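*Asks:* 279 is the number that our numbering gives to position 223 of the sequence shown; each next residue is one higher, with no gaps.
Note that beta-carbon positions come from the ideal geometry of N, C-alpha and C, so glycine has one too.
Quick caveat: nothing in here was measured; it's all calculated off a predicted structure.
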Amino acid sequence: MSEKLWGGRFEKSTDEMINDFQASINFDKRMYREDIEGSIAHAKMLAAQGIISAEDADKICAGLSKIRERIDAGEFDFSVALEDIHMNIEQALTDSIGAAGGRLHTARSRNDQVALDTHLYMRRQVREVQRLIVQLQDALVTAAEKNSDVIFPGYTHLQRAQPILFAHHLLAYFSMLQRDFDRFSGVYERADIMPLGAGALAGTTLPIDRRFVAKELEFAALYSNSLDAVSDRDYLLEFLSAASILMVHLSRLSEEIILWCSREFSFVELDDAHCTGSSMMPQKKNPDVPELVRGKAGRVIGHLMALLTTVKALPLAYNKDLQEDKEGVFDALDTVKFSLAVFAQIIAGMKVRREQMRRAVEEDFSNATDLADYLVRKNMPFRQAHAVAGKLVHHCIERGVWLKDLTLDEMRTFSNLFDADIHDAIRPETCVAARNSLGGTSPAQVAAQIQSARAWLDSHR
Ligand code: ARG
């Protein structure tokens, strides 16, 4: 007979290599707290329903709490032969309290047990991810406040387009992260459904009370179909998808910071404590952290693809393939949390080189739209104004000057609508202040964005 908890119908023990291949203990042990929490709720329910005695339930709960203390203290030996966290804990329980331990798994399967553990784990982790999102948002708003008057070029096609406030640019990422936060709230909602009581797949013959367990563990809802309860991995797919989108946002910000750190842009400088040097080139100061975050986005997207592929043709109900859900999800969690935490520091330590930014809008044609808009305000049709401004830009390029360098007389040879106020109209400050449409880059609009960002942060802590 096999020595396994399920060994009754086996004549041989498991091949050692097969044991190693199918064991999940090396990664699912990180759910030990949730496994114990779920088992305690299950034992209490069994006793409340008269399925096991109150005495046995007390022994089970006390025994489980002791096991948790042992694991917390690093004094628990996990065994690969016991496959997973569920059987490691159950075996340790029986070893310590005797026969009562053998009653814990009444009316339960590892299929609904692992589902319960993972739901509990994700609920907790999603809140942690959201806390870290808020922390990064806070860093972005703080940087926006500190640099509220800094003007730099906004880009399209990576070509200087129009002058904008640097704070406006940072706040775009605040908004992206706000949607990320909301997506994780959706993940939480789908993790907040209680699967236990589904048994292996079909429910149980014993008079359990699933609502009792749901209440004990503070679940908002219960799975209404036992097959779905043990087979559903949507909440993990949604997590990986929300995590991928978040990482894509961080990757875009990473890319911009990497560009801004380059000598070509020289818009920001990262803190020395956040960069590394080169083993060969003494002058180097490399933005490794944003590079790594950009790189890690690929890995999280990979985990999403992997799980989608795992689940896509699986028949109901539980199949061992589903054990493959955890490593990718855990790695994505670690990656996302680390990236968010590190990025909050990067933003807080980032030095903004306002003179360099200033020069990039002074010595440029990014005020050409404003010149055209000036003519529009003097009642010239926009299409015609666009052409006049374009000709002026061409004229400047030929002469090697900027629009601001042209005299009023010179401008008037292109249109007699130009007046003495044109030079003020194309100053970067004027250009920025004038974009006062809702959500635009004017100081007033950006101040309003900062104010509502602060209010949002205050209500999401
Ligand atoms: N380690 C398994 C998993 O993570 C637990 C469920 C195993 N169930 C089973 N019938 N083999 O999916």
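(1) Does DSSP put Arg208 in a helix, a strand or coil?
(2) Taking only the alpha-carbon atoms, compute the straight-line gap between His442 and Ala428 and give it to the nearest angstrom.
(3) In chain order, what residues of the same chain lie with their CB nearer than 8 Å to the CB of Glu311, ignoring the 5 residues before and after it?
(4) Can you find a heavy atom of the ligand ARG that lies under 7 Å from the Cβ of Val206?
(5) Please go through the same chain and pick out, in chain order, the residues whose beta-carbon is closer than 8 Å to the beta-carbon of Glu184, but skip the five residues on each side of it.
(6) Cβ-heavy atom distance between Asp84 and the ligand ARG below 7 Å?
(7) Quick one: any contact between the region 467-474 and the region 425-440, if contact means 3 or more CB pairs under 8 Å?
(8) Taking Arg166 as the reference, which of Phe421, Met413, Glu139, Ala511 has the closest Cα?
(9) Hey, Arg289 and Asp381 are a contact pair by Cβ (cut 8 Å); roughly how many whole angstroms apart?
(10) With a threshold of 8 Å on Cβ separation, who are the neighbours of Arg483 within its own chain once the five nearest residues in sequence on each side are excluded?
(11) Are there three or more Cβ pairs, one per stretch, closer than 8 Å when the region 259-267 is compared with the region 338-345?
(12) Express the C-alpha separation of Ala285 and Ala247 in angstroms, rounding to a whole number.
(13) Using 8 Å as the threshold, is the region 326-336 in touch with the region 402-413, meaning 3 or more CB pairs across them?
(14) Give the secondary structure of Asn342 by DSSP, where H, G and I count as helix, E and B as strand, and everything else as coil.
(15) Assuming Leu292 and Leu257 make a contact with CB atoms under 8 Å, what is their CB distance in whole Å?
(16) Quick check on Lys115: buried or exposed, where buried means 16 or more other Cβ atoms within 10 Å of its Cβ?
(17) Going along the chain, which residues of its own chain have a beta-carbon closer than 8 Å to the beta-carbon of Leu494, five neighbours each way excluded?
(18) What do you get for Thr212, buried or exposed, if any count of 16 or more other CB atoms within 10 angstroms of its CB means buried?
(19) If we ignore side chains and look at the alpha-carbon of each, how far apart do Leu226 and Leu149 end up?
(20) Excluding the 5 residues flanking Ala298 on each side, which residues of the same chain have their C-beta closer than 6 Å to its C-beta?
(21) Grab me the residues of Gly158's own chain with a C-beta within less than 7 Å of its C-beta, minus the 5 sequence neighbours each way, in chain order.
(22) Output the residue ranges of the alpha helix (DSSP H) runs that lie fully inside the region 215-266 and measure 4 residues or longer, sorted by chain position.
(23) Looking at the strands, I want to know which residues DSSP matches up with Thr332.
(24) Rounded to the nearest angstrom, what separates Ala173 and Val488 at their Cα positions?
(25) Ala277 and Ile301 look like a contact to me (Cβ under 8 Å); what is the Cβ gap, rounded to whole Å?
(26) Which residues mark the beginning and the end of the alpha helix (DSSP H) in which Ile145 is found?
(27) Give the DSSP bridge partners of Glu325, in chain order.
(28) Per DSSP, what kind of secondary structure is Ala171 in: helix, strand or coil?
(29) Just how far apart, CA to CA, sit Asp91 and Arg180?
(30) Report the CB separation of Leu273 from Leu176 in whole angstroms; it is logged as a contact under 8 Å.
(31) Comparing the CB of Tyr88 with every heavy atom of the ligand ARG, is any distance shorter than 7 Å?
(32) Over what stretch of residues does the alpha helix (DSSP H) that includes Phe77 continue unbroken?
(33) Could you give the residue range of the alpha helix (DSSP H) that holds Trp316?
(34) What residue range is occupied by the uninterrupted alpha helix (DSSP H) comprising Thr425?
(35) For Leu61, which three-state DSSP category applies?
(36) Let me check understanding here. Comparing Cα to Cα, which of Glu454, Leu448, Ile453, Ala481 lies closest to Glu466?
*Replies:* Concretely, from the data shown:
(1) Working through the sequence shown from its first residue, we reach residue 208 at position 152. Per the sequence presented here, residue 208 reads as Phe, with Arg not at that position. Reduced to three states, the DSSP call for Phe208 is strand.
(2) The residue labelled residue 442 in the question sits at position 386 within the sequence shown. The residue labelled residue 428 in the question sits at position 372 within the sequence shown. Roughly 5 Å separates the two Cα atoms.
(3) Within the sequence shown, residue 311 is the residue found at index 255, counting from 1. Excluding sequence neighbours, Glu311 sits near Pro346, Arg350.
(4) In the sequence shown, the residue the question calls residue 206 occupies position 150. No, since every heavy atom of the ligand ARG falls outside the 7 Å radius drawn around the Cβ of Val206.
(5) Against the sequence shown, residue 184 aligns to sequence position 128. Closer than 8 Å at the Cβ level, and outside the excluded window around Glu184, lie Lys393.
(6) By one-based count along the sequence shown, residue 84 stands at place 28. Yes, since a heavy atom of the ligand ARG falls inside the 7 Å radius drawn around the Cβ of Asp84.
(7) yes
(8) Working through the sequence shown from its first residue, we reach residue 166 at position 110. For Arg166, the nearest C-alpha among the options comes from Glu139.
(9) On the sequence shown, position 233 is the one that residue 289 refers to. On the sequence shown, position 325 is the one that residue 381 refers to. Confirmed, about 5 Å.
(10) Translated into positions along the sequence shown, residue 483 becomes position 427. Only Asn423, Lys460 meet the Cβ criterion.
(11) no
(12) Taking the sequence shown and counting its residues from 1, one reaches residue 247 at position 191. Taking the sequence shown and counting its residues from 1, one reaches residue 285 at position 229. Going from the Cα of Ala247 to the Cα of Ala285 covers about 11 Å.
(13) yes
(14) If you number the sequence shown from 1, residue 342 lands on position 286. In this structure, Asn342 counts as strand in the three-state DSSP scheme.
(15) One-based indexing of the sequence shown puts residue 292 at position 236. One-based indexing of the sequence shown puts residue 257 at position 201. With 8 Å as the limit, Leu292 and Leu257 do not qualify as a contact, their Cβ atoms being about 19 Å apart.
(16) For the purposes of this step, residue 115 is identified with residue 59 of the sequence shown, where counting begins at 1. Buried is the call here.
(17) Residue 494 sits at position 438 when you count from the first residue of the sequence shown. Here the set comprises Gln501.
(18) Working through the sequence shown from its first residue, we reach residue 212 at position 156. Burial call: exposed.
(19) The sequence position of residue 226 within the sequence shown is 170, counting from 1. The sequence position of residue 149 within the sequence shown is 93, counting from 1. Cα-Cα distance, rounded: 53 Å.
(20) Along the sequence shown, one-based indexing puts residue 298 at 242. Hits under 6 Å: Arg239, Phe240, Val243.
(21) Working through the sequence shown from its first residue, we reach residue 158 at position 102. Counting only Cβ-Cβ distances below 7 Å, and skipping sequence neighbours, we find Thr150.
(22) 222-247
(23) For this step, residue 332 is matched to residue 276 along the sequence shown. DSSP output for Thr332 lists Asn342 as bridge partner(s).
(24) For the purposes of this step, residue 173 is identified with residue 117 of the sequence shown, where counting begins at 1. For the purposes of this step, residue 488 is identified with residue 432 of the sequence shown, where counting begins at 1. Looking at the sequence itself, residue 173 is Asp, so the reference to Ala does not match. Distance between the alpha carbons of Asp173 and Val488 is about 53 Å.
(25) Residue numbering aside, residue 277 sits at position 221 when the sequence shown is read from its first letter. Residue numbering aside, residue 301 sits at position 245 when the sequence shown is read from its first letter. Not a contact, Cβ separation roughly 25 Å.
(26) For the purposes of this step, residue 145 is taken as the residue at position 89 of the sequence shown. From DSSP, the alpha helix (DSSP H) with Ile145 extends over 141-153.
(27) On the sequence shown, position 269 is the one that residue 325 refers to. Paired residue(s): Lys407.
(28) Position 115 of the sequence shown, counting from 1, holds the residue named residue 171. If DSSP states are grouped into helix, strand and coil, Ala171 belongs with the helices.
(29) As a first step, residue 91 is located in the sequence shown; it is residue number 35 there, counting from the start. As a first step, residue 180 is located in the sequence shown; it is residue number 124 there, counting from the start. Between Asp91 and Arg180, the C-alpha separation is close to 13 Å.
(30) Your numbering for residue 273 matches position 217 in the sequence shown. Your numbering for residue 176 matches position 120 in the sequence shown. About 7 Å separates the two Cβ atoms, so the contact holds.
(31) Taking the sequence shown and counting its residues from 1, one reaches residue 88 at position 32. Answer for Tyr88: no, Cβ out of range of the ligand ARG.
(32) On the sequence shown, residue 77 is found 21 positions in, with the first residue counted as 1. Phe77 -> alpha helix (DSSP H) spans 72-78.
(33) The residue you call residue 316 lines up with position 260 of the sequence shown. Looking at the DSSP string, the run of the alpha helix (DSSP H) that includes Trp316 is 290-317.
(34) Within the sequence shown, the letter at position 369 stands for residue 425. That run of the alpha helix (DSSP H) goes 424-433.
(35) Numbered from 1 along the sequence shown, position 5 holds the residue referred to as residue 61. Leu61: coil per DSSP, three-state reduction.
(36) By one-based count along the sequence shown, residue 466 stands at place 410. Nearest option by C-alpha distance: Leu448.
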